[in-house]
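Protein chains in written order, with the working numbering: chain Y, 1 to 266; chain X, 1001 to 1297; chain G, 2001 to 2268.
Let me begin by presenting the structure, written as structure tokens, before commenting on it.
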């Protein structure tokens, strides 16, 4: 979970998806996620996941990071499936849903700077929660850097190896102890700064205007179409189940096309 | 007050006139910290007059940051008095906060908002200015610092020099009368340092900003400051005067663990070797001129 | 077991919806309480402690890939109300990173929030009973008890999901005999039988239910390993802070004097 790498991808990426309006991406994310939630046909869920994967590949997102992040909840879903699912097919549905939903979220945050993702949430939650959320975002980078330095220092000074779990845990605990103190001092300094700069409550975020409204519209319409298909398959039930391979094949083709496009336009 | 000494000009117009329009005054302030450390900012009185650029020098632990924190009202003096723009900042900070701009030592911690533009617009928005006015002020500050191109960037991806410029834009956005800088050149490479120094000189000249700066960077003091204060360990204000006046007092400087700028040391050694050598020149231009005159007899 | 790694769409809508409503209500009440005094001090504190929990989660213990949560530490530092808000912030960020489902943000907030609240309450009780010199022992016991309670709550959630008809799933199963996809259910998703407390109409196929017993067996077998690691690390962290700055541990992060040490905690 390298938050810095995600942030870099979101802020430095130049694809059309990166340039799309945050609102359009959030709406598309919500629609695609709903499609995954309502659909209980493993092949249709897989199709949605494949479509999102195609979008990630076409947007030149760092594949290892994106798919690694999306796979992480897949591992937990597999454990959950092993523990709770009545049969392998239901288990595979759990994993497909976990990976698909995570892929949705990861593609959103890898193409949209955090402030823009948070802006709508910040507006609807109480002031203290919204402002603290934005402070969390800024502090994450300061603390992550500090933890890296503390870890290296602890390791160098104690000569602790990385491979021994107990020693590694001890080194991590020592670094975290230092980090807690640093973090609390930091919160005091942030308070001072906010006071000096006139903080009165409610941080505001500027949302940049859309660069390509047509692309935004296409994105939302595409996501709406995916949801419509998912709902259609769900409502139609048995009638459409024999054709479940169709969306999955389409998703595979989209992914293949995206990979070919990325390779040829390297 | 020490008597002004007859030293050659260092290239600045030393317009510092004691007490004519004092913006900052710190009179024998004492402060003890939670861990028992005691800082007594006594000895000489600290003042900064309107339009002057004042540097605070001193070793680690001498109380430079403590002095700035008192000026900013972040600490309440247990003894002594602090006056900034005519009020006690610890008590009445809200009444003067729009008139004071601040850049603290670790600018990373100072940049609160998620994007550069939002950070520069932070104060105008918090002061309740209409959004259009806040945006206008932020854009003007970004233009002033030449960083309009960074507006949409996130602060943590900027270089050290860029972060400092963003913090400075945030400090100047409300067009303050007093600018407080804590170690503004720390951690900058020589090119960024020269860039920031030039920028600060231009801005403070143009806007006639009163500037109080704490620094370890001795070489920037002759170039930037009209007036300098030297603190000893424990906080005692031991010296004050123009940079030339202060740097001539080698023994007192040594007691404060401060080594004078290279040029001052060079001229001191020249005078040791040859009493006809010129008095210290603290900038390269002045040194070239003084040495040229000396060479020509 | 700090947050639920149950994917979106596995729990029935009434359950995650109810979780969301309860969590948002708790966050709203907590925000109202927090706003009563000194809010400008609480905002950076909340932001930074939430970031601290997130950063600790990104720090894995190599080579066993266990990530730490620091929820009890955060609870002790923040207290119950701010703890609930921090839990919500952490879960929103984690959901956006794909680390926890978006629909289960509410349930996850309640789980992590309860860890902070229970951890805070038990820690205070433990220190009162065993004394301030036993911070490490108290933290180990409190963390294990807290995690055992929240793990049981997690099993309860799965039981709620698995016990009723709402947990039944169609899977679009491929029948190996006929090589045809079968549809176990005739009912549509928007019929929301679960909300009416009815089982979905089945069309001659077996309903699939979550196996609560097996789930409980797995989490109660694997869980204690995590509880112990977590307890030892949180004890080391709180013990360290208690030695260096006892007021933070025994009085909470807001107990400090408003006037801080200067930048970088040195008199410069």
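Don't be surprised by glycine CBs; every beta carbon is placed ideally from N, CA and C.
Computed from a predicted structure; not experimentally measured.
Bridge partners of residue i, per DSSP?
i               : result
residue 1213(X) : 1055(X) and 1181(X)
residue 1083(X) : 1025(X)
residue 1032(X) : 1038(X)
residue 1103(X) : 1181(X)
residue 1227(X) : 1054(X)
residue 1237(X) : 1043(X) and 1231(X)
residue 1049(X) : 1022(X)
So the candidates are the options; which of them puts its Cα closest to the Cα of residue i?
i               : options                               : result
residue 1022(X) : 1196(X), 1209(X), 1135(X) and 1160(X) : 1209(X)
residue 1236(X) : 1286(X), 1166(X) and 1030(X)          : 1030(X)
residue 156(Y)  : 224(Y), 145(Y) and 174(Y)             : 174(Y)
residue 2045(G) : 75(Y), 139(Y), 6(Y) and 177(Y)        : 139(Y)
residue 2023(G) : 2069(G), 2212(G) and 2103(G)          : 2103(G)
residue 2109(G) : 2252(G), 2153(G) and 2142(G)          : 2153(G)
residue 134(Y)  : 2086(G), 2076(G), 2071(G) and 2013(G) : 2086(G)
residue 1264(X) : 1243(X), 1273(X) and 1188(X)          : 1243(X)
residue 1201(X) : 1275(X), 1188(X) and 1220(X)          : 1220(X)
residue 2095(G) : 97(Y), 99(Y) and 105(Y)               : 105(Y)
residue 1036(X) : 1247(X), 1279(X), 1142(X) and 1234(X) : 1234(X)
residue 1101(X) : 1088(X), 1274(X), 1170(X) and 1246(X) : 1170(X)
residue 85(Y)   : 2226(G), 2254(G), 2158(G) and 2115(G) : 2158(G)
residue 2215(G) : 29(Y), 18(Y), 82(Y) and 54(Y)         : 82(Y)
residue 1062(X) : 1241(X), 1281(X), 1229(X) and 1277(X) : 1229(X)
residue 2084(G) : 2030(G), 2237(G) and 2041(G)          : 2030(G)
residue 2035(G) : 130(Y), 41(Y), 239(Y) and 205(Y)      : 130(Y)
residue 1110(X) : 17(Y), 189(Y) and 116(Y)              : 189(Y)
residue 260(Y)  : 8(Y), 46(Y) and 58(Y)                 : 58(Y)
residue 1026(X) : 1048(X), 1034(X), 1033(X) and 1145(X) : 1048(X)
residue 2057(G) : 2091(G), 2032(G), 2218(G) and 2238(G) : 2091(G)
Open item on the list: Would you call the segment 49-67 of chain Y in contact with the segment 244-256 of chain Y, where contact means no fewer than 3 C-beta pairs closer than 8 Å?
Closed with: These segments touch.
Task: Three-pair Cβ contact test at 8 Å for the segment 2111-2122 of chain G versus the segment 2077-2090 of chain G - done: Contact between the segment 2111-2122 of chain G and the segment 2077-2090 of chain G is present, with at least three C-beta pairs closer than 8 Å.
Open item on the list: Three or more C-beta pairs under 8 Å: does that hold for the segment 179-198 of chain Y against the segment 2045-2058 of chain G?
Closed with: At 8 Å Cβ cutoff, the stretches touch.
Task: alpha helix (DSSP H) runs wholly inside the segment 184-263 of chain Y, at least 4 long, in chain order - done: 213-236, all fully within the segment 184-263 of chain Y.
- [ ] May I ask you to list, following chain order, the residues of the segment 2021-2049 of chain G that have a beta carbon less than 9 Å from some beta carbon of chain Y?
- [x] So the list reads 2024, 2027, 2028, 2030, 2031, 2032, 2034, 2035, 2039, 2040, 2041, 2042, 2043, 2044, 2045, 2046, 2047, 2048 and 2049, given in the order they occur along the chain.
Open item on the list: Count Cβ pairs between the segment 15-25 of chain Y and the segment 77-96 of chain Y that sit closer than 8 Å; are there 3 or more?
Closed with: Contact between the segment 15-25 of chain Y and the segment 77-96 of chain Y is not established, with fewer than three Cβ pairs separated by less than 8 Å.
Open item on the list: Measuring CB atoms only, is the segment 1093-1101 of chain X touching the segment 1250-1266 of chain X, in the sense that at least three cross pairs come out at less than 8 Å?
Closed with: The segment 1093-1101 of chain X and the segment 1250-1266 of chain X do not touch, with fewer than 3 CB-CB distances between them shorter than 8 Å.
TODO: Evaluate the contact criterion for the segment 1118-1128 of chain X versus the segment 194-204 of chain Y: three or more CB pairs, one atom per stretch, below 8 Å.
DONE: Yes, they touch.
- [ ] Examine the Cβ distances between the segment 1163-1179 of chain X and the segment 1210-1225 of chain X and report whether three or more of them are shorter than 8 Å.
- [x] Yes, they touch.
- [ ] Count the CB pairs spanning the segment 1114-1122 of chain X and the segment 1143-1162 of chain X that are closer than 8 Å, and state whether there are at least three.
- [x] In short, these stretches touch, since the Cβ pair count reaches three.
- [ ] Take every Cβ of the segment 142-153 of chain Y, pair it with every Cβ of the segment 215-224 of chain Y, and state whether three or more of those distances are shorter than 8 Å.
- [x] Contact between the segment 142-153 of chain Y and the segment 215-224 of chain Y is absent, with fewer than three C-beta pairs closer than 8 Å.
Task: Near-chain X residues of the segment 114-127 of chain Y (beta-carbon distance less than 7 Å), N- to C-terminal order - done: Per Cβ criterion, the list reads 114 and 115.
Task: Selection of the segment 193-217 of chain Y by Cβ proximity to chain X, strictly under 9 Å - done: Residues 193, 194, 195, 196, 197, 198, 199, 200, 201, 202, 203, 204, 205, 206 and 208.
Task: Selection of the segment 2082-2109 of chain G by Cβ proximity to chain Y, strictly under 7 Å - done: Listed in sequence order: 2085, 2088, 2089, 2092, 2093, 2095, 2096, 2097, 2098, 2099, 2101, 2102 and 2103.
TODO: Could you please tell me which residues of the segment 124-156 of chain Y, in chain order, have their CB closer than 8 Å to any CB of chain X?
DONE: Residues of the segment 124-156 of chain Y with a C-beta atom less than 8 Å from some C-beta of chain X are 134, 135, 137, 138, 141 and 142, listed in chain order.
TODO: May I ask you to list, following chain order, the residues of the segment 1064-1089 of chain X that have a beta carbon less than 7 Å from some beta carbon of chain Y?
DONE: Closer than 7 Å at the C-beta level to chain Y, one finds these residues of the segment 1064-1089 of chain X: 1072 and 1074.
TODO: Report yes or no: do the segment 2130-2137 of chain G and the segment 2227-2242 of chain G share at least 3 C-beta pairs separated by less than 8 Å?
DONE: Because the criterion of three Cβ pairs below 8 Å is met, the segment 2130-2137 of chain G and the segment 2227-2242 of chain G touch.
Task: Runs of alpha helix (DSSP H) wholly within the segment 72-99 of chain Y (minimum 4 residues, chain order) - done: The segment 72-99 of chain Y contains no whole alpha helix (DSSP H) run of 4 or more residues.
TODO: Check whether the segment 1055-1066 of chain X touches the segment 1215-1231 of chain X, taking contact to mean three or more Cβ pairs, one atom from each stretch, closer than 8 Å.
DONE: Contact holds: three or more Cβ-Cβ distances are below 8 Å.
Open item on the list: Quick test of the definition: if touching needs 3 or more C-beta pairs under 8 Å, does the segment 90-102 of chain Y touch the segment 120-130 of chain Y?
Closed with: Fewer than three pairs of CB atoms, one per stretch, sit closer than 8 Å, so the segment 90-102 of chain Y makes no contact with the segment 120-130 of chain Y.
Task: Those runs of the alpha helix (DSSP H) which lie wholly inside the segment 2087-2171 of chain G and span at least 4 residues - done: With a minimum length of 4 residues, the continuous alpha helix (DSSP H) runs that stay inside the segment 2087-2171 of chain G are 2105-2130 and 2135-2163.
Open item on the list: For the pair the segment 12-20 of chain Y and the segment 108-120 of chain Y, tell me if three or more CB-CB distances fall below 8 Å.
Closed with: Yes, the segment 12-20 of chain Y touches the segment 108-120 of chain Y.
Task: Ordered list of beta strand (DSSP E) runs contained in the segment 2006-2084 of chain G, each at least 3 residues - done: Segments of the beta strand (DSSP E) lying fully in the segment 2006-2084 of chain G: there are none.
Task: Cβ pair count under 8 Å reaching 3, the segment 1069-1085 of chain X against the segment 1185-1202 of chain X - done: As far as the Cβ criterion goes, the segment 1069-1085 of chain X does not touch the segment 1185-1202 of chain X, which means the pair count is below three.
Open item on the list: Under 9 Å, CB to CB, which of the residues in the segment 1025-1048 of chain X have a partner in chain Y?
Closed with: Residues: none.
- [ ] Compile a chain-ordered list of the residues in the segment 22-46 of chain Y whose CB is closer than 9 Å to at least one CB of chain G.
- [x] Of all residues in the segment 22-46 of chain Y, 29, 30, 33, 36, 37, 38, 39, 40, 41, 42, 43, 44 and 45 have a Cβ within less than 9 Å of some Cβ in chain G.
TODO: Please list the residues of the segment 1188-1221 of chain X that have a C-beta atom closer than 8 Å to any C-beta atom in chain Y, keeping them in chain order.
DONE: Of all residues in the segment 1188-1221 of chain X, none places a beta-carbon less than 8 Å from a beta-carbon of chain Y.
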